[in-house]
Structure formats: C-alpha cells, structure tokens
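Engineer: Residue numbers (the numbering used here): 15 to 297. C-beta: ideal position from N, C-alpha, C; glycine also. Please read all numbers here as calculations on a predicted model, not as lab measurements.
1) What distance in whole Å lies between the Cβ atoms of residue 129 and residue 230, which are believed to be in contact at a cut-off of 8 Å?
2) For the alpha helix (DSSP H) containing residue 23, name the first residue and the last one.
3) If you draw a straight line from the C-alpha of residue 225 to the C-alpha of residue 52, how long is it?
4) Just to confirm the assignment: which complete alpha helix (DSSP H) runs, minimum length 4, are found wholly within the region 107-160?
5) Please state whether the Cβ-Cβ distance between residue 95 and residue 31 is less than 8 Å.
6) Mind checking whether residue 245 and residue 114 have CB atoms under 8 Å apart?
7) Measuring alpha carbon to alpha carbon, tell me which residue in 81, 55, 26 and 19 is nearest residue 1.
8) In three-state DSSP terms, what is residue 280?
9) Assuming residue 105 contacts residue 150 (C-beta within less than 8 Å), just tell me the rounded distance between them.
10) May I ask you to list the residues that DSSP assigns as paired with residue 252?
11) Does the beta-carbon of residue 25 have 16 or more other beta-carbons within 10 angstroms, so that it is buried, or is it exposed?
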C-alpha cells in the first residue's frame, strides 16, 4: 500500500482504483458472468444461489458465493492490484470473508438507504485506526466492476471521511430516510447532498471501501444497461463473526477453491503469518 493510497484512504475511507483489471482479465470475467446469468437456477454450481438478498434488493439479481462460479472471478479475491491494500489494511493478517455477484437493474426503484457497520453492528465491533504509519481496518469491501457507471446513472454514494466520525448520524429510524441526505428513497432525481460523492467506476475499476464509511446505492436509471460487480468482503484473520470459525463458505464452495484462496479465507490467531503473505506485503 503506497503513500498516496494510505493518505487518500485515511482521508476519505475509500479508494477508487482505475483500470485495475487487464483487458484479458476483464473479458474473461464478463464472459463468465454472462454464462452465469443464462444458467437456470437449478443448474448453478453447487453452493451458489440466485436470489434477491446479499444486498441486491427487489428487481436485482444476486448470486451468493458468485465469486466461486469461475476461476476468472475467484482470482479477483487475491488480485495483484488489491493484494497489497488488503494486506496493508490488516497489517498482513487478512481473511476473505464473503463474495457475492450483483446485477443491479432499473426495475429496482428504491435506493439502498445510507448505512455503515457502526450503525448496523455496533461501534465496538468495527475498528479503524493509524499507528506507526500503518492503517488498521478490520472490515472492508472490494467492489470489482464489470460494466461502466456514468455520471447520472445512480449507483454507490459515499460520505467521505465518515469512517472517523465521532458523532452518530441523525436519522428518523434505522429504516427511514435520515432527513439530512435523502428525503425520498424512491425519488431517483433528488439532488445529491454536497457532502456525498456518487462514485462512477468504469468496467475494470475497483473500489476499496471501509465498512465504517456511510454509504448507500442510488436508484439505477438506465433501462438499456445494468450494473455488474463483485462484492468481496475482508476482515482481519482473527475477527470472529457468524460466518464460521474455520472458514466462511459451504463445503461445496470450499472444495473448488484454490489452496491459496482457501488459506486467505481461513481464520487464524493474531500474529500468525499465512504463507500467502510475502515479506513486501502488510506495509
């Protein structure tokens, strides 16, 4: 993780990595996703389900464990571009915790409300800090994009710097609009509050986002294009949650993962160094 990335991530809580994928990597992933979308639900690879959960919402398509559908997608969990960042944020002790494929369509006419792990899971559970020139972030996401998002399309919005906020975000309730940023979750044309940023990645770009950053998803406007991306979730290897102590995936998914990704997904004690961590990582 270089000095520029550290500075920007600490300042905003996220990174937008442009052209992270090569043309060949992007093309192979796009073909794999097209194939998966055409596949009947009863013919999907074992352990993958087509549903409207996993953050998709009504009208969208989500594939739980979709990262494991093809090696071109699985390889993105430990990609050369994101690998130093994943290792750096965890001080060389990462764990891959979950991976879903999402296809966001215009049929979904309600935005995903603003949220963050501090509000959803408790401030005690997710941590962000800096010591001795190193960032510590124990829960974050890598979004790999396979289609373009243009200005005005909709998609992810973030509140930069909110990962370090010392105040609770005022809101009517956990599920209602907060009264500050969005007044109507079903209005695709309401002006964007100046404190928010609507990120517009191109196919092949990656967004790395701390789960402590307040974020949501605006209504997808285009009727002739969809938004396709992987949500890859990471924690520190000693972070314990309901995803399982040994590893976070069903056995049928686990069995087809490469040894490298299996090790990346395993829980381990604090201080243990996995064999996938080279000496130049974790800085």
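Structural biologist: With the given structure in hand:
1) Between the beta-carbon of residue 230 and that of residue 129 there is about 6 Å, and that keeps the pair under the 8 Å contact cut.
2) 17-26 is the span of the alpha helix (DSSP H), which, as asked, contains residue 23.
3) Rounded to whole angstroms, residue 225 and residue 52 show a C-alpha spacing of 32 Å.
4) Complete alpha helix (DSSP H) runs here, min 4: 131-135.
5) With respect to the 8 Å criterion, residue 95 and residue 31 are classified as neighbours on the basis of their beta carbons.
6) Residue 245 is a Cβ neighbour of residue 114, given a cutoff of 8 Å.
7) Residue coverage of the chain in this structure runs from 15 to 297, which leaves residue 1 outside it and unanswerable.
8) When DSSP states are grouped into helix, strand and coil, residue 280 belongs to the coil group.
9) The Cβ separation is near 6 Å, so the contact holds.
10) In the DSSP output, where bridge partners are listed per residue, residue 252 has none listed.
11) Taking all protein chains shown into account, residue 25 has fewer than 16 neighbouring C-beta atoms within 10 Å of its C-beta and is therefore exposed.
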